[in-house]
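Chemist:
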Amino acid sequence: MAGHLRLVLVGLSGVGKSAAGNTILGREEFPSGISSTSWTTRSEERRGERYGRLVTVIDTPGLFNTELSEEQLRAELQRAVSLCEPGPHAFLLVLQLGRFTQQEKRVMETLQELLSKSVDQFTVLLFTHGDRLEDQTIEEFISEDTNLQELLRKCGGRYHVFNNKDMRDTQQVWELFNTVHSMAERNQQEYFDLQNEQDREKRTLSYLLRLFPSDRFRNLLVNIVAGSAIGAVVGTIIGAIMVAAGEAEGGAAKVVSITAVIGAAVGAALGFLVSKKCGVQ
Ligand SMILES: Nc1nc2c(ncn2[C@@H]2O[C@H](COP(=O)(O)OP(=O)(O)OP(=O)(O)O)[C@@H](O)[C@H]2O)c(=O)[nH]1
Ligand SMILES: [Mg+2]
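In numbering that gives the first Met the number 0, the protein residues as written are 0 to 280.
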């Protein structure tokens with residue numbers, strides 16, 4: 000990974016994204032606090048030098064933010080990505096240590112809808128309020144919530160804990176950088192390229208559409224499915240009658256099962272014709 004590290008902070012409102020950005024940069028760059036004036040409503044870029052390397056940090060507005068519409072939020076997130084051209088090495092999905100809410104359960108899906116499916120491959124969970132842990136370990140905290148474990152699994156098991164009230168603790172920043180570094184090495188691409196990801200998704204969609212090109216082909220598929228369903232019902236009935244008849248005669252199981260299979264096939268063919276005639280499609 001080249002010298003310049005690029006990180007985008009994302010997450011719900013008020014979880015400590017801006018505070019985490021300040022911890023990473025080692026100084027108060029982003030307004031952070033509980034007053035409404037410190038709410039982040041636009042993506043902001045700040046740069047600094049840490050451990051001899053250039054670091055760009057992008058702070059973003061909170062997801063499910065009541066101040067912004069979904070479209071405004073999408074635009075701000077996409078702008079965040081473009082603020083760190085050619086693309087971020089990592090999205091730091093900030094969660095505060097505490098209850099894992101319904102909104103947090105949906106946070107990854109929301110990010111994927113707003114940006115791209117592949118966001119999870121570039122995401123590290125960043126827990127703030129590390130000072131709340133007290134005697135508990137982060138592993139114990141995670142083990143108590145299956146939803147949180149699920150989210151963590153989606154992010155390749157990558158996580159870190161920050162105590163933003165102790166900015167002198169530079170070890171926490173160093174460890175985060177190491178995780179981002181090894182993630183970038185393991186990913187096929189070193190950084191998230193939004194244009195590339197969106198193009199790839201479009202290509203997959205057009206490939207699928209090409210697989211089902213014409214209305215005729217789609218109608219044929221529907222007729223086959225409808226026909227098979229009708230055939231299966233008819234075949235089962237014929238089979239059941241034959242089995243009952245076979246038992247009454249005391250055997251001939253082979254003949255009975257062959258007849259049942261033929262019954263199903265005839266039923267399927269009939270079903271197909273009937274569904275076509277009746278204009279299922
Ligand atoms: N004790 C403690 N407080 C923290 C920690 N991280 C953040 N806070 C506090 O949490 C509050 C919200 O932090 P912000 O950084 O403004 O949160 P945000 O996610 O940027 O909020 P929005 O921009 O509104 O989405 C502030 O009062 C911070 O001081 C932490 O690790 N420990
Ligand atoms: Mg903020």
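Note that CB positions come from ideal geometry on N, CA and C, so glycine has one too.
Do G20 and R52 have their beta-carbon atoms positioned less than 7 Å apart in this structure?
Modeler: No, the Cβ-Cβ distance between R52 and G20 is not below 7 Å.
Chemist: So, helix, strand or coil for L132, using DSSP?
Modeler: Coil at L132, not helix or strand.
Chemist: What separation, rounded to the nearest whole angstrom, lies between the Cα atoms of V54 and V160?
Modeler: Looking at the two C-alpha atoms, the distance is approximately 19 Å.
Chemist: Who are the Cβ neighbours of V80 in its own chain at under 6 Å, not counting the five residues just before and after it?
Modeler: These residues qualify, in order along the chain: L193.
Chemist: For A89, which residues does DSSP report across the bridge?
Modeler: Paired residue(s): L6.
Chemist: Starting from the C-beta of T36, find all residues in its chain whose C-beta is less than 8 Å away, skip the five residues before and the five after it, and write them out in chain order.
Modeler: The residues are P30.
Chemist: Suppose the cutoff is 6 Å on Cβ atoms and the five residues either side in sequence are ignored; what does the same chain contact list for Q111 look like?
Modeler: Contacts found: V118.
Chemist: Tell me whether the region 164–180 and the region 148–156 touch, counting them as touching only if at least three CB pairs, one residue from each stretch, are closer than 8 Å.
Modeler: Because the criterion of three Cβ pairs below 8 Å is not met, the region 164–180 and the region 148–156 do not touch.
Chemist: Have a look at V179 and I223 and give me their C-alpha separation to the nearest angstrom.
Modeler: Cα-Cα distance, rounded: 50 Å.
Chemist: Hey, L96 and V56: beta-carbon distance below 7 Å or not?
Modeler: The answer is no: Cβ separation not under 7 Å.
Chemist: Any chance you could list the alpha helix (DSSP H) runs of at least 4 consecutive residues sitting entirely within the region 116–175, in chain order?
Modeler: For the region 116–175, whole alpha helix (DSSP H) runs of length 4 or above, ordered along the chain, are 137–142, 145–153.
Chemist: Ordered along the chain, which non-local residues of its own chain (more than five positions away) have a Cβ less than 7 Å from that of E174?
Modeler: These residues qualify, in order along the chain: H159.
Chemist: Let me check one thing: in DSSP terms, what residues is V56 bridge-paired to?
Modeler: According to DSSP, V56 bridges with L6, R45.
Chemist: Quickly, what does DSSP pair L62 with across the bridge? List them, please.
Modeler: Looking at the DSSP assignment, L62 forms a beta bridge with L11.
Chemist: Express the C-alpha separation of L113 and Q77 in angstroms, rounding to a whole number.
Modeler: Spanning the two alpha carbons is a distance of roughly 8 Å.
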